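FYI, the numbering for the sequence shown is 189 to 540, going by our numbering.
Read the structure below first, then the notes.
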Amino acid sequence: MATRTMIETPARSAHSAAHARPGALATWLFAVAALVALMVTIGGITRLTESGLSIVEWKPLAGTLPPLSATAWAAEFDAYKTSSQYQIANHGMTLAQFQGIYWWEYAHRLLGRVIGLAFALPLAWFAVRRAIPRGLGPRLVGLLALGGMQGVIGWWMVASGLVNRTDVAHERLAVHLFTALTLFAAILWTALDLRAAVRPRLRIAVPRAAAPRAWIMPLFALLALQLVLGAFTAGLHAGHASDTWPLMTGALVPALAPLAGWWNDPFTVQFAHRTTAYAVAAFALLAAWRMHRAGAGPRAIALGGAVLVQFALGVLTIVWHVPIALAAMHQAGAVLLLASLVVLAHWSTRRA
Numbered sequence: 189m190a191t192r193t194m195i196e197t198p199a200r201s202a203h204s205a206a207h208a209r210p211g212a213l214a215t216w217l218f219a220v221a222a223l224v225a226l227m228v229t230i231g232g233i234t235r236l237t238e239s240g241l242s243i244v245e246w247k248p249l250a251g252t253l254p255p256l257s258a259t260a261w262a263a264e265f266d267a268y269k270t271s272s273q274y275q276i277a278n279h280g281m282t283l284a285q286f287q288g289i290y291w292w293e294y295a296h297r298l299l300g301r302v303i304g305l306a307f308a309l310p311l312a313w314f315a316v317r318r319a320i321p322r323g324l325g326p327r328l329v330g331l332l333a334l335g336g337m338q339g340v341i342g343w344w345m346v347a348s349g350l351v352n353r354t355d356v357a358h359e360r361l362a363v364h365l366f367t368a369l370t371l372f373a374a375i376l377w378t379a380l381d382l383r384a385a386v387r388p389r390l391r392i393a394v395p396r397a398a399a400p401r402a403w404i405m406p407l408f409a410l411l412a413l414q415l416v417l418g419a420f421t422a423g424l425h426a427g428h429a430s431d432t433w434p435l436m437t438g439a440l441v442p443a444l445a446p447l448a449g450w451w452n453d454p455f456t457v458q459f460a461h462r463t464t465a466y467a468v469a470a471f472a473l474l475a476a477w478r479m480h481r482a483g484a485g486p487r488a489i490a491l492g493g494a495v496l497v498q499f500a501l502g503v504l505t506i507v508w509h510v511p512i513a514l515a516a517m518h519q520a521g522a523v524l525l526l527a528s529l530v531v532l533a534h535w536s537t538r539r540a
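Here it is, written out as structure tokens:
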């Protein structure tokens with residue numbers, strides 16, 4: 189993420205000067221990134237309400253419309269009754285209760301389709317108008333492909349929970365969430381590249397030590413690990429494994445599962461998630477302090493504030509027994525933390 193990717197500015201070629209519209213492209217990508225952030229949040233609510241298995245078929249086109257009649261609702265409900273989740277956990281559920289979980293999964297899938305169109309149609313328009321700066325096209329097509337892959341990954345995840353399970357495999361949930369957040373970060377980084385191309389490049393002679401970059405990749409890697417652990421926590425309902433903080437079963441380091449297979453033990457997964465949170469918070473605050481001294485200003489403050497809010501939300505989610513609203517805020521906070529990290533890292537790479 190810290191590697192600088194050059195985008196050809198209007199001054200670099202006559203073609204770009206005549207046609208390229210980096211400002212419009214940046215605005216479009218910022219809007220798409222916001223939709224992806226909303227998608228991640230709704231995905232979190234879908235998991236928390238155990239709604240993800242309510243639609244047992246993947247119909248990319250035919251599934252765009254929800255059931256519109258009593259007959260259609262009955263058919264959808266009958267299809268759900270074939271799932272293990274219904275037969276094991278929700279047997280006897282009423283149609284009204286089914287509709288309550290159906291709408292979350294439907295909203296999640298519908299928003300995925302909206303994001304696809306919001307990316308593909310403007311991309312095609314910009315391409316026809318030759319408004320894409322030279323060299324940027326392959327990256328945008330790659331982002332579109334990654335977004336399309338998310339649909340496939342999403343169904344791969346859902347399919348894991350349809351037979352002999354009442355929920356999806358937490359490993360597949362982690363892949364789905366991590367890919368979504370990677371897409372979000374890549375879109376946001378590209379939008380920042382484009383916005384920077386609109387403005388005159390900063391050529392201030394700043395010593396490298398005043399705009400450090402060595403922190404970027406380690407912090408991204410640490411946050412990536414924490415996001416995966418967060419997905420494991422959600423997938424295993426590990427937030428319920430312990431409702432005390434900072435101790436677990438009265439100890440800072442409680443008895444944990446063996447190293448082999450630890451990722452399947454809810455108690456151990458929660459311990460790993462909360463322990464990694466300490467490292468993320470400390471590292472992010474240190475990076476924010478150093479970057480504030482280097483002149484990053486509000487960008488550094490945003491990173492520090494985001495990690496503190498996210499840490500507090502995590503603690504409250506555990507001690508208040510994982511209420512859906514608070515847990516959804518915690519997932520949204522993860523997106524906000526990632527966004528603040530991307531913005532600060534991007535600024536650092538352009539100033540160093």
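Every residue gets a Cβ at the ideal spot worked out from N, C-alpha and C, and that includes glycine.
If you're wondering where the values come from, they're calculated on a predicted model, not measured in any experiment.
(message) Does F439 come out as helix, strand or coil in the three-state DSSP assignment?
(response) Phe is not the amino acid found at residue 439; the sequence shown has Ala there. Strand.
(message) At the level of alpha carbons, what is the spacing between L299 and S536?
(response) Computed Cα separation, rounded: 33 Å.
(message) Comparing C-alpha positions only, which one of Q273, R387, L331 and F286 sits nearest to N352?
(response) Q273
(message) Going by beta-carbon coordinates alone, are V507 and W433 separated by less than 8 Å?
(response) Yes. Within cutoff.
(message) According to DSSP, is T193 part of a helix, a strand, or is it coil?
(response) Summary for T193: the model assigns pLDDT 46, below 50, so the residue's position carries little reliability; its value from the coordinates is reported in the next sentence. DSSP places T193 in coil when its eight states are reduced to three.
(message) Using a Cβ distance threshold of 8 Å, determine whether the stretch 494-514 contacts the stretch 452-467, with at least three qualifying pairs required.
(response) yes
(message) Can you tell me whether P164 is helix, strand or coil according to DSSP?
(response) Because the chain is modelled from 189 through 540, residue 164 falls outside the range shown and cannot be assessed.
(message) Could you check whether the stretch 509-519 touches the stretch 478-496, counting it as contact only if at least three pairs of C-beta atoms, one from each stretch, sit closer than 8 Å?
(response) no
(message) Can you give me the C-alpha to C-alpha distance between T437 and L382, rounded to a whole angstrom?
(response) 50 Å
(message) Could you give the first and the last residue of the continuous alpha helix (DSSP H) run that contains G288?
(response) L283 to V316
(request) Go ahead and pull the three-state DSSP assignment for T463. (result) helix
(message) To the nearest angstrom, how far is the alpha carbon of A362 from that of A522?
(response) 14 Å
(message) Contact defined as beta carbons within less than 8 Å: I believe A419 pairs with L376. What is the distance between those atoms, to the nearest angstrom?
(response) The Cβ separation is near 20 Å, so there is no contact.
(message) The alpha helix (DSSP H) that contains K269, what's its start and end?
(response) Residues A258 to K269.
(message) Could you give the first and the last residue of the continuous alpha helix (DSSP H) run that contains T252?
(response) It is not in any alpha helix (DSSP H) - T252 carries neither H nor E in the DSSP assignment.
(message) Residues in the same chain with beta-carbon distance under 7 Å from L407, minus the five sequence neighbours each way, listed in chain order, please.
(response) F471, A472, A475 and L529
(message) Which runs of the alpha helix (DSSP H) at least 4 residues long sit entirely within the stretch 209-254? Give them in chain order.
(response) 210-236
(request) Mind reading off the beta-carbon distance from S348 to I289? Whole number of angstroms is fine, and I expect it under 8 Å. (result) Incorrect: roughly 18 Å between the Cβ atoms, too far for contact.
(message) Taking 7 Å as the limit between beta carbons, can you name the residues of its chain near R391, skipping five residues before and five after?
(response) Residue placement at R391 cannot be trusted, given a pLDDT of 46 that sits under 50; what the coordinates show is reported in the next sentence. Cβ within range, chain order: n/a, list empty.
(request) Out of G493, R401 and T354, point me to the one whose CA is closest to L424's CA. (result) T354
(request) Hey, could you find the ends of the alpha helix (DSSP H) V329 is sitting in? (result) G325 to A347
(request) Identify, in the order they occur along the chain, each residue of the same chain with its Cβ nearer than 7 Å to the Cβ of L283, setting aside the five sequence neighbours on each side. (result) The beta carbon of L283 is closer than 7 Å to those of W261 and F265 in its chain, skipping five residues each way along the sequence.
(request) Please confirm whether T252 and A520 have their CB atoms less than 8 Å apart. (result) no
(message) If the criterion is Cβ atoms closer than 8 Å, does the pair L220 and A306 meet it?
(response) Sequence inspection shows Val at residue 220; the Leu mentioned does not correspond to that position. Yes. Within cutoff.
(message) By the three-class DSSP mapping on this structure, what secondary structure does T367 have?
(response) helix
(message) Only counting the same chain, and skipping five residues up and downstream in sequence, which positions put a Cβ closer than 7 Å to that of A277?
(response) Excluding residues within five positions, the ones whose Cβ falls inside 7 Å are T354.
(request) Apply the 10 Å Cβ neighbour rule to A373 and answer buried if 16 or more other Cβ atoms are within range, or exposed otherwise. (result) buried
(request) Would you kindly work out how many angstroms separate the C-alpha atoms of A267 and V244, rounded to a whole number? (result) 7 Å
(request) Have a look at A384 and W344 and give me their C-alpha separation to the nearest angstrom. (result) 38 Å
(message) Rounding to the nearest angstrom, what Cα-Cα distance links G304 and A333 in this structure?
(response) 10 Å
(request) In the DSSP assignment, find the unbroken alpha helix (DSSP H) run with G423 in it and report its ends. (result) I404 to G423
(message) Suppose contacts are defined by Cβ-Cβ distances below 8 Å. Is L410 in contact with A448 by that definition?
(response) Here L410 is not near A448, since their CB atoms are 8 Å or more apart.
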